[in-house]
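Everything in the sequence shown is counted per the numbering used here, starting at 105 for the first residue and increasing by one. We treat Cβ as the ideally placed atom computed from N, Cα and C, and that holds for glycine. Here the structure is laid out as structure tokens; the discussion comes afterwards.
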Amino acid sequence: SAEERAAYDRLDPLARSVVWGRERDVNPADPVAGVKVAEAMRQLGQYDAAVQAADGVLVAQPNNIEAMLELGRAHIARGQAFYGIAALERAHGLAPNDWRPLSLLGVAYTAVRRTEDGRDAWNRGLVLAPDNPDILTNAAMALTSQGDPAGAEALLRRAVAQPTATLKMRQNLALVLGLQGKTAEAEQILRRDLPPEAADRNLQWLRAKASTPAEAARTWDSLQQ
């Protein structure tokens, strides 16, 4: 039922991979189940399985935008963003007023060193969805990895001011503040959101990495997991 399916989304990734896998086994042509399996596998770090699940949906439904987006996310997550670009560009072509393909294209283009294309994709996404925190965060983390934490800070302050801002976005703001030596404000954010031991660990890491902002941005995600 619709209620049961809605409840599935509140489960953790492992449980979702199981329940949506069962749904897909019952009806292999169910596109929602296929996309949800891909999402769960990506969140579990099983990127090849995520790609396979999303590709399976696209075989049956070549114009399924959700599957294209998930395929792009999976390739980005496994460090092979180049292979996700075609699907994301197609998704944008089919849904030109949807900000999500542009947000992901910005990430993918930046990953393959098409920096200007990435910036343009994010700017176009922000025209469709002004102050969208996901787009702002993606653009900010790209600036951080390029050694511009001050530029990233401005974008992340806009992102965390939005009602839909997430814990991870606030942690990213703490990162860019710490990399600029603004440790007091970074510590305030970390201690509001994290248990004392985790906040201490992140602050210690930030102090050690403050001299290398670009490298720090590339390794911050692994610390947060």
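Short Cβ contact (9 Å threshold) for residue i with residue j
i: Ala171; j: Pro205; result: no
i: Leu271; j: Thr287; result: no
i: Tyr151; j: Ala178; result: yes
i: Ala263; j: Ala278; result: no
i: Leu162; j: Leu192; result: no
i: Asn276; j: Leu298; result: no
Closest residue to residue i among the options (Cα-Cα distance)
i: Ala119; options: Leu148, Ala133 and Ala106; result: Leu148
i: Pro166; options: Ile189, Ala137, Gln184 and Leu198; result: Leu198
i: Thr254; options: Gln284, Pro117, Ala225 and Ala246; result: Note that residue 254 corresponds to Ala in the displayed sequence, not to Thr. Answer by Cα proximity: Gln284.
i: Ala110; options: Ala258, Ala137, Glu257 and Pro132; result: Ala137
i: Gln184; options: Ala154, Val231 and Pro132; result: Ala154
Distance between residue j and residue i (C-alpha atoms, nearest Å)
i: Val123; j: Val139; result: 13 Å
i: Ala243; j: Val211; result: 8 Å
i: Leu327; j: Ala142; result: Bear in mind that the predicted position of Leu327 carries a pLDDT of just 38, short of 50, making it too unreliable to give a figure here.
i: Pro117; j: Ala157; result: 15 Å
i: Leu240; j: Ala164; result: 34 Å
i: Ile189; j: Leu208; result: 9 Å
i: Glu107; j: Leu115; result: 13 Å
i: Gly251; j: Asn201; result: 31 Å
Cβ shell of residue i (< 7 Å), same chain only, five flanking positions each side left out
i: Tyr187; result: His179
i: Ala314; result: Gly282, Leu283 and Gly285
i: Ser121; result: Val141, Ala144, Met145 and Leu148
Own chain partners of residue i with C-beta closer than 6 Å, once the 5 adjacent residues on each side are dropped
i: Thr214; result: Gly222 and Ala246
i: Arg182; result: Tyr151
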